[in-house]
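Each residue of the sequence shown is one higher than the last, beginning at 4 in the numbering used here.
Each residue gets a CB set at the ideal place from its N, CA and C atoms; glycine is no exception.
Source: prediction; values computed, not measured.
Step one of this worksheet: look at the structure below.
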Amino acid sequence: MRKIVLAAAAAFILTAPAFAAEEVKPMEREWHFNGMLGKFDKQQLQRGFQVYKEVCASCHSLNYISFRNLEDIGYSEDQVKVIAAEYQVTDGPDENGDMFQRPARPSDHIPHPFANDQLARASNGGALPPDLSLMTKAREDGPNYVYSLMLGYKEAPNGFELNPGMSYNAFFPGHQIAMPQQITDDRVTYADGTKASAEQIATDVVAFLHWTAEPKLEVRHATGVRVLLFAFLFTVLAYLYKRRLWARLGKH
Ligand code: HEC
Numbered sequence: 004m005r006k007i008v009l010a011a012a013a014a015f016i017l018t019a020p021a022f023a024a025e026e027v028k029p030m031e032r033e034w035h036f037n038g039m040l041g042k043f044d045k046q047q048l049q050r051g052f053q054v055y056k057e058v059c060a061s062c063h064s065l066n067y068i069s070f071r072n073l074e075d076i077g078y079s080e081d082q083v084k085v086i087a088a089e090y091q092v093t094d095g096p097d098e099n100g101d102m103f104q105r106p107a108r109p110s111d112h113i114p115h116p117f118a119n120d121q122l123a124r125a126s127n128g129g130a131l132p133p134d135l136s137l138m139t140k141a142r143e144d145g146p147n148y149v150y151s152l153m154l155g156y157k158e159a160p161n162g163f164e165l166n167p168g169m170s171y172n173a174f175f176p177g178h179q180i181a182m183p184q185q186i187t188d189d190r191v192t193y194a195d196g197t198k199a200s201a202e203q204i205a206t207d208v209v210a211f212l213h214w215t216a217e218p219k220l221e222v223r224h225a226t227g228v229r230v231l232l233f234a235f236l237f238t239v240l241a242y243l244y245k246r247r248l249w250a251r252l253g254k255h
């Protein structure tokens, strides 16, 4: 019986890599925000916002973010007002019952690039560019995946049938993606002077998207550390108390 179990286990271990090979593991990066003490780098988040604004925002919405949330990544109230005012939003109705356009205010959400999903699809070969607010949480190993996806565009290998209008991407499931390559060296000119290699741009935009997905990450990490400290202290106290108690009991 033991032999059979061992043989089955061995067979599983030997074939497991074959199953795993089906899906491509994303490239791995170190992220400032990972780990128990992980924090966001505000300068990086601002660069990431610049990338979102100049590259991704023409197709992807960020439904959960309003302009004033950008104060969290280090912009002042006045800077946020200026950023918001660059966008037009629909408001109304006015006293005549008409909707009208006005510059956005800090309390407005970042406007959607398309008036509706049908238009978004029509402009993207039938595929809907998904909302990016929660993207790094919605995909397994999200930050590494989105980073890899951004840098994963390649010539399709010989014999791979690419449908018209699609691009080959090493990390997208099935390898055919309706989003063309977006990030190349110097795709943006950073306001803070950082050299804009493709890797840098991809890292920054992913950090920014991880902030949109979990703006309270730093608070969660700080709470985690406090809980651990408390648990540690409590263990020490319990141990000391136990020793005292047993020492006393031992005397009688
Ligand atoms: C020209 C329009 C366009 C631009 C600009 C664009 N995307 Fe996309 N994106 C798409 C479309 C269309 C899809 C859906 C692809 C599909 O389903 O084949 C998509 C899908 C995605 C996905 C989801 C992939 C998945 O696993 O489903 C991510 C993440 C993404 N884009 C990130 C970005 C980022 C980050 C930027 C800016 C650096 C960006 N996109 C710029 C059109 C665009």
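query	result
Cβ shell of L135 (< 8 Å), same chain only, five flanking positions each side left out	Y55, C59, H63, S64, L65, L212 and T215
Range of the contiguous alpha helix (DSSP H) that encloses F233	L220 to K254
Straight-line Cα distance separating K140 from M39	17 Å
Proximity of P106 and Q82 at Cβ, strictly below 8 Å	no
Neighbourhood of H224 by C-beta distance below 7 Å, restricted to the same chain and skipping five residues each side	M39, L40 and G41
Coarse secondary structure for A23, derived from DSSP in three states	In this predicted model, A23 has a pLDDT of only 40, less than 50, meaning its place in the structure is not dependable; the value taken from the coordinates is given anyway. In this structure, A23 counts as helix in the three-state DSSP scheme.
Anticipated Cβ contact below 8 Å, M30 with Y171, distance rounded	Rounded, the Cβ-Cβ distance is 17 Å, inconsistent with contact.
Contact the region 127-134 vs the region 153-161: 3+ CB pairs below 8 Å	no
Rounded C-alpha distance that separates L243 from P218	40 Å
Where N72 sits in the DSSP three-state scheme	helix
Three-state secondary structure (DSSP) of Q47	helix
CB contact below 8 Å: K6 versus chain B	Of the protein chains in this structure there is only one, and it is not chain B.
N127 Cβ short of 7 Å to the ligand HEC heavy atom set	yes
Length of the line joining the Cα atoms of G168 and R229	52 Å
Distance cut-off 7 Å: Q185 Cβ against heavy atoms of the ligand HEC	yes
Three-way DSSP call (helix, strand, coil) for I180 in this model	strand
Rounded separation between K45 and G77 - CA only	6 Å
Alpha-carbon spacing of A24 relative to A194, whole angstroms	Annotation note: pLDDT 41 at A24 (below 50); position unreliable, no value reported.
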